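Single-structure report; data block below.
Number of protein chains: 2
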Amino acid sequence: MAYRKTDKVAARLADTRRGILDAARDLVSEGGFAAVQMTEVAKKAGVATGTLYRYFSSKEALCRQVFREVSAREMGMLAEIASGEEAASERLVKVLRTFAGRAVRGRRLSYALLAEPLDVNLAEERSFFRRTHAEIFAGLLEDGIDNGEFPEIDVRIAAACIAGAIPTALIGPLAPESHELDNNPDRVVEEIVKFCLGGAGIALAAGKSNTRERRTTA
Amino acid sequence: MAYRKTDKVAARLADTRRGILDAARDLVSEGGFAAVQMTEVAKKAGVATGTLYRYFSSKEALCRQVFREVSAREMGMLAEIASGEEAASERLVKVLRTFAGRAVRGRRLSYALLAEPLDVNLAEERSFFRRTHAEIFAGLLEDGIDNGEFPEIDVRIAAACIAGAIPTALIGPLAPESHELDNNPDRVVEEIVKFCLGGAGIALAAGKSNTRERRTTA
DNA sequence: CATGCTGGTGAACCATGGTTCATTCCTTGT
DNA sequence: ACAAGGAATGAACCATGGTTCACCAGCATG
Numbered sequence: 003m004a005y006r007k008t009d010k011v012a013a014r015l016a017d018t019r020r021g022i023l024d025a026a027r028d029l030v031s032e033g034g035f036a037a038v039q040m041t042e043v044a045k046k047a048g049v050a051t052g053t054l055y056r057y058f059s060s061k062e063a064l065c066r067q068v069f070r071e072v073s074a075r076e077m078g079m080l081a082e083i084a085s086g087e088e089a090a091s092e093r094l095v096k097v098l099r100t101f102a103g104r105a106v107r108g109r110r111l112s113y114a115l116l117a118e119p120l121d122v123n124l125a126e127e128r129s130f131f132r133r134t135h136a137e138i139f140a141g142l143l144e145d146g147i148d149n150g151e152f153p154e155i156d157v158r159i160a161a162a163c164i165a166g167a168i169p170t171a172l173i174g175p176l177a178p179e180s181h182e183l184d185n186n187p188d189r190v191v192e193e194i195v196k197f198c199l200g201g202a203g204i205a206l207a208a209g210k211s212n213t214r215e216r217r218t219t220a
Numbered sequence: 003m004a005y006r007k008t009d010k011v012a013a014r015l016a017d018t019r020r021g022i023l024d025a026a027r028d029l030v031s032e033g034g035f036a037a038v039q040m041t042e043v044a045k046k047a048g049v050a051t052g053t054l055y056r057y058f059s060s061k062e063a064l065c066r067q068v069f070r071e072v073s074a075r076e077m078g079m080l081a082e083i084a085s086g087e088e089a090a091s092e093r094l095v096k097v098l099r100t101f102a103g104r105a106v107r108g109r110r111l112s113y114a115l116l117a118e119p120l121d122v123n124l125a126e127e128r129s130f131f132r133r134t135h136a137e138i139f140a141g142l143l144e145d146g147i148d149n150g151e152f153p154e155i156d157v158r159i160a161a162a163c164i165a166g167a168i169p170t171a172l173i174g175p176l177a178p179e180s181h182e183l184d185n186n187p188d189r190v191v192e193e194i195v196k197f198c199l200g201g202a203g204i205a206l207a208a209g210k211s212n213t214r215e216r217r218t219t220a
C-alpha cells in the first residue's frame with residue numbers, strides 16, 4: 003500500500019467540488035440552466051471536462067445539486083419567517099414580500115428556478131421547490147384560519163394560486179417591462195402582495211406598516 | 003411550359019398540409035411539444051420526412067403554426083365572451099370559468115400551451131398567447147373600474163397574477179391531485195375563480211351559487 | 001405520348017453536446 | 001528515490017434528432 007487519502011488531499015478534492023458547483027451556479031445565474039454545458043463548467047472551474055465526471059455522475063446530477071443548493075437557501079429564508087411568532091397575517095405578508103422581493107432583485111436566478119424551460123429531470127427538482135413554497139403558504143393560511151384571522155378557504159388551491167401568481171407577474175412573460183421593475187420594484191411587489199392577500203380573502207388585513215416602500219431585506 | 007397547378011392538385015396539397023398539421027397537433031395533445039419529432043409527424047401523417055419540409059421550412063415553423071392554431075381557438079373563445087354586453091363582473095367571471103374549465107378538461111393540451119418546458123422559439127409564441135390572455139383580463143378589469151363596479155387597482159399586474167395563478171393551480175406541478183380534479187373539477191375551478199376575483203378586489207361579485215366550500219388540508 | 005415540371009421520398013448527413021477512457025500527472029508510504 | 005496507486009486530462013466517441021438532396025413518381029401541356 004502506497005497511497006491513502008490524506009487530509010490535505012481531501013480538502014483539495016472538496017475545494018474542487020465546490021469550485022465545480024460554484025462555476026455551474028455562476029453559469030446558471032448568468033444564462034440559466036440552458037447555459038450549463040459541461041465544457042463551459044469545466045472551463046470556468048479550471049478543470050478538464052473529464053474531471054467533472056469524477057465528482058458528478060452526469061450533467062443531470064450536477065444540475066440537480068446546483069438547483070438544490072440555490073433553492074434551499076430561498077426556501078430556508080421563507081420557512082424561517084413562516085415559523086415565527088407573529089400573527090399569521092403578519093407572517094404571510096412578510097413571506098410574500100420576501101418571496102416577491104427576492105425574485106425581483108435576483109431575476110435571472112429566480113427565473114431559472116421558477117420559470118425557465120428545463121428538461122424533465124430538473125423539472126422534478128423544481129416541482130419539489132414549488133411544492134415546498136406552496137406548503138409554506140398553505141401552512142400560513144391555515145394558521146390564520148384556525149385562529150380566525152382569515153376566512154375559510156381551500157388553502158391548497160389558494161396556495162397554488164399564490165405560487166403561480168407571483169412568478170408570473172414578476173418574472174414570467176407577463177412581467178411588467180423591466181424598466182418599471184427596476185425603477186419601482188417595491189410598488190410592483192406591494193401590488194402583487196395585495197392581490198395575493200385579496201385572493202385569500204384577506205381584506206388587506208393587518209394593514210400594518212403597509213405605508214410606503216418598506217423593503218424586506220434582499 | 004408544361005405544367006400549371008390545377009385545382010385538384012391544389013386541393014391535394016392543402017389536404018397534405020392539413021394532415022401534417024393535424025398529425026403534429028395530435029402528437030402535442032398526446033405528449034406535448036416534446037413529442038413532436040419530425041419522423042413521428044411524418045409517420046403519423048403518412049408522408050416522408052422530406053415532405054414535411056416542402057410544407058414547413060423547419061420544425062420550428064411547424065410547431066409555431068400548431069401552437070397558433072390551437073391557441074387561437076382558445077383566445078377567440080375568451081375574447082368573444084369578454085366583448086359581450088353584460089356587466090364587467092359577469093363577463094370576467096365567465097371568462098375565468100371558461101379559461102379554467104377548458105384547461106382542466108383538456109389538461110394535456112393546456113399544459114403544452116401554458117406550462118410545458120419548451121425552447122425559446124416556441125416560448126415566444128407562448129408569450130404572445132399569455133400576453134393576449136392578460137390583455138383580456140386587463141380589459142375586463144378596466145371596464146369594471148371605469149364604471150365603478152371594481153375598485154381601482156393596477157390592472158396590468160392583477161391581470162398577470164390571474165394569468166399565472168390559473169395555470170399553476172390547475173395544471174402546474176402544484177395542481178391538486180389529479181383525482182380530485184377529475185372528481186370535482188368544478189369545485190376546483192370555482193375556488194380558483196374566487197381567488198382571482200378576490201385578488202382583484204372584487205367581493206365575490208355576481209356570485210353564481212357557490213355557497214359551500216370546504217377547507218382541505220395540505 | 002413525349003416533355004417539363006412539381007410533388008414526394010428516405011437514407012445519408014450534420015450539429016450539438018454529453019460521456020468515456022487511454023494516458024499522464026501527482027501524492028503517499030517505504 | 002521509487003513504486004503504487006488515485007486524480008486529472010481532453011480528444012475521441014456516441015446518441016439524438018433536425019435537415020438535406022439526389023432521385024423517382026405523377027400530373028399538366030402541346
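Taken in sequence, the protein lines are chains A and B.
My numbering puts the first residue of the first sequence at 3, with every later residue one more than the last.
My numbering puts the first residue of the second sequence at 3, with every later residue one more than the last.
Ideal Cβ placement from N, Cα and C applies to all residues, glycine included.
Treat the numbers as computed from the prediction; the structure is a model and nothing was measured.
With 16 other CB atoms within 10 Å as the buried threshold, where does A:L64 fall?
Here residue 64 of chain A corresponds to residue number 62 of the first sequence, with the count starting at 1. So A:L64 ends up on the buried side.
Taking 8 Å as the threshold (beta carbon to beta carbon), is B:A37 in contact with chain A?
Start at 1 with the first residue of the second sequence, and residue 37 of chain B comes out as number 35. By this cut-off, B:A37 is not an interface position.
For a cutoff of 8 Å on Cβ pairs, would you count B:G200 as touching chain A?
In the second sequence, the residue the question calls residue 200 of chain B occupies position 198. Closer than 8 Å to some Cβ of chain A, the Cβ of B:G200 qualifies, so yes.
So with CB distances below 9 Å, who are the chain B contacts of A:V190?
Looking up residue 190 of chain A in the first sequence gives position 188. Correct list: D156, I159.
A:N123 in three-state terms, based on DSSP:
Residue numbering aside, residue 123 of chain A sits at position 121 when the first sequence is read from its first letter. Correct three-state label for A:N123: helix.
Going along chain B in order, which residues have a C-beta closer than 9 Å to the C-beta of A:D121?
Here residue 121 of chain A is taken as the residue at index 119 of the first sequence, counted from 1. Here the neighbours are A36, P119.
Tell me which residues share the same chain as B:I173 and place their Cβ nearer than 7 Å to its Cβ, disregarding the 5 neighbours each side in the sequence.
Numbered from its first residue, the second sequence carries residue 173 of chain B at position 171. Cβ neighbours of B:I173 beyond the five flanking positions: A105, R109, S112, Y113, L116, A117.
Along chain B, in chain order, which residues have C-beta atoms closer than 8 Å to that of A:I173?
One-based indexing of the first sequence puts residue 173 of chain A at position 171. None at all; the shortest Cβ gap to chain B is about 10 Å.
Here's the rule I'm using: 16 or more other beta-carbon atoms within 10 Å means buried, otherwise exposed. How should B:S91 be labelled?
Translated into positions along the second sequence, residue 91 of chain B becomes position 89. Classification of B:S91: buried, given that the 10 Å Cβ count is 16 or more.
State the Cα-Cα distance for the pair A:Y55 and A:K46, rounded to the nearest angstrom.
Walking along the first sequence from the start, residue 55 of chain A turns up at place 53. Walking along the first sequence from the start, residue 46 of chain A turns up at place 44. Cα-Cα distance, rounded: 15 Å.
Smallest Cα separation from A:A84: which of A:E71, A:S73, A:F101, A:A171?
For this step, residue 84 of chain A is matched to residue 82 along the first sequence. Considering only alpha carbons, the answer is A:F101.
For B:G2 and A:Q39, I'd like the C-alpha separation in whole angstroms.
No statement about residue 2 of chain B is possible, as the shown extent of chain B runs from 3 to 220 and does not include it.
8 Å Cβ cut-off: residues of chain B touching A:T100
Stepping through the first sequence from its first residue, residue 100 of chain A is reached at position 98. Chain B residues near A:T100: none, gap ~17 Å exceeds 8 Å.
Quick check: A:I155 and B:A171, are their CB atoms within less than 8 Å of each other?
Locating residue 155 of chain A in the first sequence gives position 153, where the first residue counts as 1. Locating residue 171 of chain B in the second sequence gives position 169, where the first residue counts as 1. The answer is no: Cβ separation not under 8 Å.
What three-state label does DSSP hand A:T8 in the structure shown?
Locating residue 8 of chain A in the first sequence gives position 6, where the first residue counts as 1. The answer is coil: DSSP assigns A:T8 none of H, G, I, E or B.
Between the region 68-82 of chain B and the region 11-30 of chain B, are three or more C-beta pairs nearer than 8 Å?
yes
Validate contact between the region 195-207 of chain B and the region 197-204 of chain A using beta carbons, cut 8 Å, 3 pairs:
yes
Counting only Cβ pairs nearer than 8 Å, list the residues of chain A close to B:E144.
Translated into the one-based positions of the second sequence, residue 144 of chain B becomes position 142. Under the 8 Å cutoff, chain A gives no residues; its nearest Cβ is about 15 Å from B:E144.
Test: B:P187 CB closer than 8 Å to a CB of chain A
Here residue 187 of chain B corresponds to residue number 185 of the second sequence, with the count starting at 1. No, B:P187 does not count as interfacial toward chain A.
With a cut-off of 8 Å, does the C-beta of A:G203 fall near any C-beta of chain B?
As a working mapping, residue 203 of chain A is identified with position 201 in the first sequence. Yes, A:G203 lies at the interface with chain B (some Cβ there is under 8 Å from its Cβ).
Pop quiz: A:F131 and A:I164 are said to be a contact at Cβ under 8 Å. What is the actual Cβ separation, rounded to whole angstroms?
The sequence position of residue 131 of chain A within the first sequence is 129, counting from 1. The sequence position of residue 164 of chain A within the first sequence is 162, counting from 1. About 15 Å; that fails the 8 Å criterion.
Using a Cβ-Cβ distance cut-off of 8 Å, determine whether B:E76 contacts chain A.
Counting from one through the second sequence, the residue named residue 76 of chain B turns up at place 74. It does not; no Cβ of chain A falls within 8 Å.
Please go through the same chain and pick out, in chain order, the residues whose beta-carbon is closer than 6 Å to the beta-carbon of B:G34, but skip the five residues on each side of it.
For the purposes of this step, residue 34 of chain B is taken as residue 32 along the second sequence, with counting starting at 1. A114, E118, listed in sequence order.
A:G103 burial status per 10 Å Cβ neighbour count (16 or more: buried):
If you number the first sequence from 1, residue 103 of chain A lands on position 101. Answer is buried; the Cβ neighbour count reaches 16.
Once DSSP output is grouped into helix, strand and coil, what is the label at A:N186?
If you number the first sequence from 1, residue 186 of chain A lands on position 184. Here A:N186 sits in coil by DSSP.
Scan the region 40-112 of chain A and note each continuous alpha helix (DSSP H) run of 4 residues or more that stays entirely inside, going in chain order.
40-47, 51-57, 61-84, 90-107
Using the beta-carbon of each residue, which ones in chain B are nearer than 8 Å to A:T134?
The residue you call residue 134 of chain A lines up with position 132 of the first sequence. None at all; the shortest Cβ gap to chain B is about 10 Å.
In terms of residue numbering, what span does the alpha helix (DSSP H) encompassing A:I168 cover?
Taking the first sequence and counting its residues from 1, the one referred to as residue 168 of chain A is at position 166. That run of the alpha helix (DSSP H) goes 157-172.
Just the Cα atoms here: how many angstroms apart are B:L15 and B:Y57?
On the second sequence, position 13 is the one that residue 15 of chain B refers to. On the second sequence, position 55 is the one that residue 57 of chain B refers to. Cα-Cα distance, rounded: 9 Å.
When the cut-off is 8 Å and only beta carbons count, does B:A220 lie next to chain A?
In the second sequence, residue 220 of chain B corresponds to position 218, counting from 1. For B:A220, the pLDDT reaches just 35, beneath the cut-off of 50, and the residue's location in the model is therefore unreliable, although a value from the coordinates is still provided. It does; some Cβ of chain A falls within 8 Å.
Tell me whether A:V30 sits in a helix, a strand or coil according to DSSP, three-state version.
Against the first sequence, residue 30 of chain A aligns to sequence position 28. Three-state DSSP puts A:V30 in a helix.
Proximal chain A residues relative to B:E42, where beta-carbon distance stays under 8 Å:
Residue numbering aside, residue 42 of chain B sits at position 40 when the second sequence is read from its first letter. Within chain A, no residue comes near B:E42; the closest Cβ sits about 18 Å away, beyond 8 Å.
In the structure shown, what three-state DSSP assignment does B:E192 receive?
Here residue 192 of chain B is taken as the residue at index 190 of the second sequence, counted from 1. Reduced to three states, the DSSP call for B:E192 is helix.
Can you find a CB in chain A that lies within less than 8 Å of the CB of B:G141?
The residue you call residue 141 of chain B lines up with position 139 of the second sequence. By this cut-off, B:G141 is not an interface position.
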